[in-house]
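First residue of the sequence shown? That's 6 in my numbering, and the numbers climb one at a time after it.
Encoded as structure tokens, the structure appears first; notes follow it.
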Amino acid sequence: MDFSDQALIFKLGKFKEADLWVRLLSPDRGVYTAFAFGGSRSIRRFCGCLDVLNIVSARVEASRTKEYMVLREASLISCPSRLRTDLGRLGIAVNCLKFMEAFDIPPDSAAVSYQLVNQLLALLEEDDSPPPLLPNLFRFCFASLQGFAPQINTCRICKADLSNFSDYYFQTLEGGIICPECLRKSRPGPYVRLCKDALTALQIVQQGRPHAWKHIDFGFNREMRAQCADAIDGFIHYHVGLAWQGNYFKRI
Ligand SMILES: [Zn+2]
Numbered sequence: 006m007d008f009s010d011q012a013l014i015f016k017l018g019k020f021k022e023a024d025l026w027v028r029l030l031s032p033d034r035g036v037y038t039a040f041a042f043g044g045s046r047s048i049r050r051f052c053g054c055l056d057v058l059n060i061v062s063a064r065v066e067a068s069r070t071k072e073y074m075v076l077r078e079a080s081l082i083s084c085p086s087r088l089r090t091d092l093g094r095l096g097i098a099v100n101c102l103k104f105m106e107a108f109d110i111p112p113d114s115a116a117v118s119y120q121l122v123n124q125l126l127a128l129l130e131e132d133d134s135p136p137p138l139l140p141n142l143f144r145f146c147f148a149s150l151q152g153f154a155p156q157i158n159t160c161r162i163c164k165a166d167l168s169n170f171s172d173y174y175f176q177t178l179e180g181g182i183i184c185p186e187c188l189r190k191s192r193p194g195p196y197v198r199l200c201k202d203a204l205t206a207l208q209i210v211q212q213g214r215p216h217a218w219k220h221i222d223f224g225f226n227r228e229m230r231a232q233c234a235d236a237i238d239g240f241i242h243y244h245v246g247l248a249w250q251g252n253y254f255k256r257i
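Set out below in structure tokens:
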């Protein structure tokens, strides 16, 4: 049960005057919570590094009764600076972390989840013009990594290669895309029409690598941007089963 770990501080809070609970995302263990006794005071053991979005090296042990985990020591590996002062960027990062929090991140998807969120934070920290729709793009990519990936290269019904068409229809309830011929032949239910650029954008986003997202040309194509946002929002709402409830994502 005792281990040393590199982890991102995902969330934290006080439970006594000087004691903290810390939720960490580790590339090996997924999300876990540990109690840092004296966490808001002990410079010797925590170096003032217990803050959300910091990456720390942590030493964790089981409590004496084996009922919970105790963060014994932590030291700082890296911390964002631009994110701490730019509230717009910080808001995007926190929104993305809250979306992740709504999932149980099992150990087998911990490494890709950790990598994705670190790439997102690096983009927000380093890039002068992060892409529009970044929270939406992150949700689509992260949900895909967690096993909710919609098939977006072939028609959900006839399996035709979608590159043979020029417009497509994202079926909100089914969470998949159909071709124009299947749209004509079936009862499609609610859907979002996608142009070729919108489909290409979703394909790029689903592959991960947030640094590639800034090359998607949303700026000059408002219609395509709206199509992507509507398709992703519908997918997350109806297929993943999460909706934004003012300050957090709730299972619906
Ligand atoms: Zn089809």
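Ideal Cβ positions, reconstructed from N, Cα and C, are used throughout, including at glycine.
Let me confirm a value: residue i is counted as buried when at least 16 other C-beta atoms fall within 10 Å, else exposed. Which label applies?
i      : result
Thr177 : buried
Arg161 : buried
Ser149 : buried
Phe147 : buried
Tyr196 : buried
Gln156 : exposed
Arg144 : buried
Gly194 : exposed
Ile48  : exposed
Ile183 : buried
Tyr73  : exposed
Ala154 : exposed
Between residue i and the rest of its own chain, which residues show a CB-CB distance below 7 Å, the 5 nearest in sequence each way excluded?
i     : result
Ile97 : Leu129, Leu139 and Pro140
Leu81 : Cys52, Cys54, Asn59 and Val61
Per the DSSP calculation, residue i is bridged to which residue(s)?
i      : result
Thr38  : Arg28
Trp218 : Trp218 is not bridged to any residue.
Glu22  : DSSP, once it has assigned bridges, lists no residue as partnering Glu22.
Ala79  : Ala63
Gly181 : Gln176
Lys255 : Ala248
Asp166 : Thr159
Ala118 : Reading off the sequence shown, one finds Ser at residue 118, where the question assumed Ala. DSSP, once it has assigned bridges, lists no residue as partnering Ser118.
Asp10  : Ala63
Whose C-beta lies closer than 6 Å to the C-beta of residue i among residues of the same chain, with five residues either side of it excluded?
i      : result
Gln11  : Ser62
Ile110 : Gly35, Val36 and Ser118
Asp7   : Glu66
Phe108 : Gln151
Ala203 : Met229, Gln232 and Cys233
His220 : none
Asn100 : Pro140
In chain order, what residues of the same chain lie with their CB nearer than 8 Å to the CB of residue i, ignoring the 5 residues before and after it?
i      : result
Phe254 : Lys103, Phe104, Glu106, Ala107, Leu247 and Ala248
Arg77  : Arg50, Arg64, Val65 and Glu66
Arg214 : Gln124
Ala234 : Leu138 and Asn141
Cys84  : Cys54, Asp56, Leu58, Asn59 and Ile60
Gly18  : Leu25 and Trp26
Tell me whether residue i, by its Cβ, gets closer than 6 Å to a heavy atom of ligand 3.
i     : result
Tyr73 : Questions concerning ligand 3 fall outside what the structure shown contains, since the ligands it does hold are ligand 1.
For ligand 1, which residues count as neighbours when the test is a C-beta closer than 6 Å to any heavy atom? Cys160, Ile162, Cys163, Ala165, Ile183, Cys184, Glu186 and Cys187
Three-pair Cβ contact test at 8 Å for the segment 85–96 versus the segment 42–51: no
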